[in-house]
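Chemist:
4 protein chains.
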Amino acid sequence: MSFGKAARELAAIGRRFYARGWVLGTSGNFSAVVSRKPLRLAITASSLPKGTLRPLDILQCDESGRVMGRASKRPSAETLLHIEIAKRRSAGAVLHTHSVWSTMLSDAWAAGADASLAIQGYEMLKGLAGVPSHEHRELVPILDNDQNMPRLAVLVGETLERHPEAHAFLLRRHGLYTWGETLADAERHVEILEFLFETIGRTQGGPSWR
Amino acid sequence: MSFGKAARELAAIGRRFYARGWVLGTSGNFSAVVSRKPLRLAITASSLPKGTLRPLDILQCDESGRVMGRASKRPSAETLLHIEIAKRRSAGAVLHTHSVWSTMLSDAWAAGADASLAIQGYEMLKGLAGVPSHEHRELVPILDNDQNMPRLAVLVGETLERHPEAHAFLLRRHGLYTWGETLADAERHVEILEFLFETIGRTQGGPSWR
Amino acid sequence: MSFGKAARELAAIGRRFYARGWVLGTSGNFSAVVSRKPLRLAITASSLPKGTLRPLDILQCDESGRVMGRASKRPSAETLLHIEIAKRRSAGAVLHTHSVWSTMLSDAWAAGADASLAIQGYEMLKGLAGVPSHEHRELVPILDNDQNMPRLAVLVGETLERHPEAHAFLLRRHGLYTWGETLADAERHVEILEFLFETIGRTQGGPSWR
Amino acid sequence: MSFGKAARELAAIGRRFYARGWVLGTSGNFSAVVSRKPLRLAITASSLPKGTLRPLDILQCDESGRVMGRASKRPSAETLLHIEIAKRRSAGAVLHTHSVWSTMLSDAWAAGADASLAIQGYEMLKGLAGVPSHEHRELVPILDNDQNMPRLAVLVGETLERHPEAHAFLLRRHGLYTWGETLADAERHVEILEFLFETIGRTQGGPSWR
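Protein chains in written order, with my numbering: chain A, 358 to 567; chain B, 358 to 567; chain C, 358 to 567; chain D, 358 to 567.
See the structure below:
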């Protein structure tokens, strides 16, 4: 995908997610891979409200998270997480939303190594890449939040390695990260997971945890 | 209804239901009968996000679920269910939504043959075809989900036969199927039932089951 | 207000209330007084979806609920209730919405003569006509639903007489009726009451009843 | 900020907040400082629905809350609170919303001097001015509502002095007041706090109080 197209589509995604209430304040950040070798991401600039994102609010970064070319804005504070995911999963796009339900579910389990939210039996799971049936059991790892991005990126990398089948993870009290081969796949994954978090969150008896 | 008109109206329904959050991801599917003998349905193509449906995303199928003419897309994976309902109920349109509340309510009862959700006493029931009063008792059968469509279509047929007065059924953890003589009737039924599922779902003491 | 203006504004209210989810299916009905002597109401036609209301879907009725002039549509089935309220309260407009929260709260108390929902202490109450303070105690009478409109209109009349200060009443499992001197007042009352129903409905310990 | 620009932006904020359901009825009021010495505020006129706010519904007031120039409308009844906050915090804008969740949370603690809602551990807190980490502990003071504005303004002033780090306060059963150096900051604060109120309100075990 060309940078220009990526910038327009990421801006449009920001407006759609904002309308759903999934990226209030200046939360959320979105990226798309515009070159694989060398790795180049189109990514949202830092600290901008996502409901009024425009293509010129999208920056280009290299694989160290440094902005290419002249830029008056800084890239998303979480750029290193996007890079880690793009590399580990060969993802074409990475999306982070920050909804009420994902924030609640990410918090509903005591902190602990290798905590996960288990989701099974829902037809909606079939929309996740490679999932053929509602009988699929999706484990969504939950990671503790951390302001130290390089450290958090390492934890993300280890988590993705330990859970090669995971389509997403949650940051505790911080929200959802998911990705896809294309931006359309990643957006579909966001919708599916936000739907499942709400369904599980509202269900009596609460979510089921591993 | 002509195929062209059906395609435009089904696309518009997709956009309206998506706005309500009833067809997130690529869930949901919609059809309208464009010919009765031979039976021809206008139906949504498979795996498309319903919020951006366009008329050219609607295909025409025969009563075996085969696409008519040249088509680069496949029809909805659930086409056989639409055909079963269109035939058994002489419906003019069949709509499947996949909302949080319908998913939750479809799940709130142990699996069992002939499980149903009973709804009575609500004025909103009067909007269902043929229902004259709020004192009507609507039974919404709940079927176990199944990836084997021919098998599920048989179960749907048997259910419709056993419940000749039912205006809808639920697929467990999968959502709502309803229909109507016209597309407008079917859309009205969706709104009524989604409203009732939310009302019942939110009410303390939970739903009442038969 | 002229009939033409009333028709345009009632249609616009239908679209606004539909967007909020307060008039799904073909529920809800709205009227405005266009003449006081003789009494003439502009009122929504029966059985139409309110989200796509147009001015030509509004009819004119006399005080027996009969349509004036040539009409291919029937007026709202609940026209007699609008007339009763318009007369008893000298209201300029009467609005009936059918939301999830009003339906739930109308139902949360056993059937009984003179049941009411009591609301006190909320700043939002100040928006109701004549209410100067949050310390106001609003009693919202709850009436049993009834398909016999003349009989229900008599009950509505008796209720309004017994509760001269009430700004609204609830029909059990049917929704809210409110009114105002102007259409703007009535719409403001709908928003205030729907807000209060949701706030009370969500609060632990439930609503307080008289 | 010039008065004309402030009027346009305040009107736009009204429409955005109304769409979210945060200023139903005629609730809510918004201001921006257009001059610091002497203090001049652009502020919403009283008793207007905020969803249809236009720039000409914005008035200019001096630091006693008196309207400047010819005005056919009265300024917001809560103008004295805006002035108190603008002065005490050197705020550039003050926004008051009246959502369901803020109303509920403001009420969930017995009346008492120096009651506060404590919020900690949420990444979303980082969007509040000067907050570097999710480990921040934000105390949101809760004040009893009062129709006597001069008296309430004194209480607001004392509260702001006692809590120099607070970014907002709640009026019991009345809603949220927050502010920022710019209108964009204040709007971001509203979104963040409304998000947090909903998240906390929905979480089992309720909010944590000081």
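Where is the CB? At the ideal position from N, CA and C, for every residue including glycine.
(1) Just curious, the alpha helix (DSSP H) that Thr556/B is in, first and last residue?
(2) Could you list which residues in chain A have their beta carbon closer than 9 Å to that of Ile442/D, in chain order?
(3) Let me check understanding here. Comparing Cα to Cα, which of Trp536/C, Asp419/C, Gln504/C lies closest to Arg445/C?
(4) Closer than 9 Å by beta-carbon distance: list the chain A residues that pair up with His455/B, in chain order.
(5) Can you tell me where the beta strand (DSSP E) with Cys409/D in it begins and where it stops?
(6) What does Leu533/A reach in chain D if we use C-beta pairs closer than 9 Å?
(7) Comparing the C-beta of Glu495/B with each C-beta of chain C, is any distance below 8 Å?
(8) Please report how far the alpha carbon of Ala472/D lies from the alpha carbon of Pro498/D, in whole angstroms.
(9) Tell me the residue span of the alpha helix (DSSP H) that contains Thr383/D.
(10) What residues from the segment 382 to 408 of chain B come within 9 Å of chain A, judged by C-beta to C-beta, listed N to C?
(11) For Leu485/B, which of helix, strand or coil comes out of DSSP?
(12) Mapping the DSSP letters down to three states, classify Gly537/A as helix, strand or coil.
(13) Verify the CB distance criterion: does Asn502/A have a CB-CB separation below 8 Å to chain D?
(14) Would you kindly work out how many angstroms separate the C-alpha atoms of Gly361/A and Ser403/A, rounded to a whole number?
(15) Taking 8 Å as the CB-CB limit, is Thr556/D close to chain C?
(16) Suppose contacts are defined by Cβ-Cβ distances below 8 Å. Is Lys407/B in contact with Val451/B by that definition?
(17) With 16 other CB atoms within 10 Å as the buried threshold, where does Arg567/C fall?
(18) For Ala577/C, which of helix, strand or coil comes out of DSSP?
(19) Strictly below 9 Å CB to CB, what residues from chain A border Ile549/D?
(20) I want to check one thing, is the minimum distance from the CB of Glu492/C to the heavy atoms of the ligand FAD below 7 Å?
(21) Need the endpoints of the beta strand (DSSP E) that Ala448/A sits in, please.
(22) For the alpha helix (DSSP H) that contains Arg494/D, what are its first and last residues?
(23) By Cβ distance, which residues of its chain are closer than 6 Å to Pro412/A, with the 5 residues on each side in sequence left out?
(24) Determine the chain C residues that contact Met461/D at a beta-carbon separation under 8 Å, and present them in chain order.
(25) Is it the case that the segment 426 to 433 of chain A contacts the segment 499 to 508 of chain A, given that we only count it when at least three CB pairs across the two stretches are under 8 Å?
(26) Any beta-carbon of chain B closer than 8 Å to the one on His491/A?
(27) Among the candidates His439/C, Leu405/C, Leu550/C, whose CA atom is the shortest distance from the CA of Asp419/C?
(28) Got a sec? Which residues, its chain only, sit under 8 Å from Ser532/B by beta carbon, not counting five neighbours each side?
(29) Distance, Cα to Cα, Arg373/C vs Arg519/D?
(30) So Ser473/B is in the beta strand (DSSP E); what residue range does that whole segment cover?
(31) Whose Cβ in chain B lies nearer than 7 Å to the Cβ of Arg530/C?
(32) Go through its chain and collect everything with a Cβ distance to Ile476/C's Cβ below 6 Å, but skip five positions before and after it.
(33) Which one of Asp542/A, Arg529/A, Ala525/A, Ser421/A has the shortest CA to CA distance from Thr436/A?
(34) Do you know whose CA, among Ala448/B, Ala434/B, Arg559/B, Leu405/B, lies nearest Ala525/B's CA?
(35) Consult DSSP for Gly378/B and reduce its assignment to one of helix, strand or coil.
(36) With distances taken from CA atoms, which of Gly484/D, Val513/D, Glu515/D is nearest Glu551/D?
Modeler: In this structure, then:
(1) Start at 1 with the first residue of the second sequence, and residue 556/B comes out as number 199. It spans 540 to 559 - the alpha helix (DSSP H) in which Thr556/B sits, taken as one unbroken run.
(2) Along the fourth sequence, read from residue 1 onward, the residue named residue 442/D stands at position 85. Identification of chain A residues near Ile442/D by a Cβ-Cβ cut-off of 9 Å yields none; the smallest Cβ-Cβ distance measures about 20 Å.
(3) Sequence index remark: in the third sequence, residue 445/C carries index 88 (1-based). Of the listed residues, the one whose Cα sits closest to Arg445/C is Trp536/C.
(4) The residue you call residue 455/B lines up with position 98 of the second sequence. Around His455/B, the beta-carbon contacts reaching into chain A at under 9 Å are Glu480, Met481, Phe552.
(5) As a first step, residue 409/D is located in the fourth sequence; it is residue number 52 there, counting from the start. The residue you asked about is not Cys; residue 409/D is Thr in the sequence shown. Element bounds for Thr409/D: n/a, residue is neither H nor E.
(6) As a working note, residue 533/A is residue 176 in the first sequence. Against chain D, the beta carbon of Leu533/A has no neighbour under 9 Å; the closest one sits roughly 12 Å away.
(7) Looking up residue 495/B in the second sequence gives position 138. No Cβ of chain C is located within less than 8 Å of the beta carbon of Glu495/B.
(8) Against the fourth sequence, residue 472/D aligns to sequence position 115. Against the fourth sequence, residue 498/D aligns to sequence position 141. Ala472/D and Pro498/D: Cα-Cα distance of roughly 6 Å.
(9) The residue labelled residue 383/D in the question sits at position 26 within the fourth sequence. Segment: none, Thr383/D is in no alpha helix (DSSP H) and carries neither H nor E.
(10) Within the segment 382 to 408 of chain B, the qualifying residues are Gly382, Thr383, Ser384, Ser404, Pro406, Gly408.
(11) Working through the second sequence from its first residue, we reach residue 485/B at position 128. DSSP places Leu485/B in the coil class of the three-state scheme, outside both helix and strand.
(12) Here the question's residue 537/A lines up with position 180 in the first sequence. DSSP, read as helix, strand or coil, puts Gly537/A in strand.
(13) To locate residue 502/A, count along the first sequence from 1; it is residue 145. Closer than 8 Å to some Cβ of chain D, the Cβ of Asn502/A qualifies, so yes.
(14) As a working note, residue 361/A is residue 4 in the first sequence. As a working note, residue 403/A is residue 46 in the first sequence. Straight across, the Cα-Cα distance linking Gly361/A with Ser403/A is about 19 Å.
(15) As a position in the fourth sequence, residue 556/D is number 199, starting the count at 1. Interface criterion not met: the Cβ of Thr556/D is under 8 Å from no Cβ in chain C.
(16) For the purposes of this step, residue 407/B is taken as residue 50 along the second sequence, with counting starting at 1. For the purposes of this step, residue 451/B is taken as residue 94 along the second sequence, with counting starting at 1. Contact flag unset, no.
(17) The sequence position of residue 567/C within the third sequence is 210, counting from 1. Low local confidence applies: a pLDDT of 40 at Arg567/C is under 50, so the model's placement there is unreliable, and no value is given.
(18) Because chain C spans 358 through 567 in this model, residue 577/C falls outside it and cannot be assessed.
(19) As a first step, residue 549/D must be located in the fourth sequence, where it is residue number 192. Those within 9 Å of Ile549/D in chain A are Leu381, Gly382, Thr383, Ser384.
(20) This structure lacks the ligand FAD, and indeed carries no ligand of any kind.
(21) Residue numbering aside, residue 448/A sits at position 91 when the first sequence is read from its first letter. Looking at the DSSP string, Ala448/A is not in any beta strand (DSSP E), and its letter there is neither H nor E.
(22) Translated into the one-based positions of the fourth sequence, residue 494/D becomes position 137. No alpha helix (DSSP H) holds Arg494/D; the beta strand (DSSP E) holding it covers 494 to 500.
(23) Taking the first sequence and counting its residues from 1, the one referred to as residue 412/A is at position 55. Taken in chain order, the residues that qualify are Ala364, Arg365, Ala368.
(24) Within the fourth sequence, the letter at position 104 stands for residue 461/D. Correct list: Thr556, Arg559, Thr560.
(25) Taking 8 Å as the limit for Cβ pairs, the verdict is that the segment 426 to 433 of chain A does not touch the segment 499 to 508 of chain A.
(26) Counting from one through the first sequence, the residue named residue 491/A turns up at place 134. Judged by the 8 Å Cβ criterion, His491/A is in contact with chain B.
(27) Here residue 419/C corresponds to residue number 62 of the third sequence, with the count starting at 1. Residue His439/C holds the alpha-carbon nearest to the alpha-carbon of Asp419/C among His439/C, Leu405/C, Leu550/C.
(28) The count along the second sequence starts at 1 and reaches residue 532/B at position 175. Before going on, a small fix: residue 532/B reads as Gly here, not Ser. Spatial neighbours of Gly532/B in its own chain (CB-CB distance under 8 Å, excluding positions within 5 residues in sequence) are listed in chain order as Ser384, Gly385, His453, Thr454, His455, Ser456, Ser459, Thr460, Ser463.
(29) The residue you call residue 373/C lines up with position 16 of the third sequence. The residue you call residue 519/D lines up with position 162 of the fourth sequence. Cα to Cα, the separation comes out at about 43 Å.
(30) In the second sequence, residue 473/B corresponds to position 116, counting from 1. Residues 472 to 477.
(31) In the third sequence, counting from the first residue as 1, residue 530/C sits at position 173. Within chain B, the residues near Arg530/C are Gly478, Tyr479, Glu480, His491.
(32) Within the third sequence, residue 476/C is the residue found at index 119, counting from 1. Closer than 6 Å at Cβ, skipping near neighbours: Glu495, Leu553.
(33) Numbered from 1 along the first sequence, position 79 holds the residue referred to as residue 436/A. Answer by Cα proximity: Ser421/A.
(34) On the second sequence, residue 525/B is found 168 positions in, with the first residue counted as 1. Across the set Ala448/B, Ala434/B, Arg559/B, Leu405/B, the C-alpha of Ala448/B shows the shortest separation from the C-alpha of Ala525/B.
(35) Position 21 of the second sequence holds residue 378/B. Here Gly378/B sits in coil by DSSP.
(36) Position 194 of the fourth sequence holds residue 551/D. The candidate whose alpha carbon is nearest that of Glu551/D is Gly484/D.
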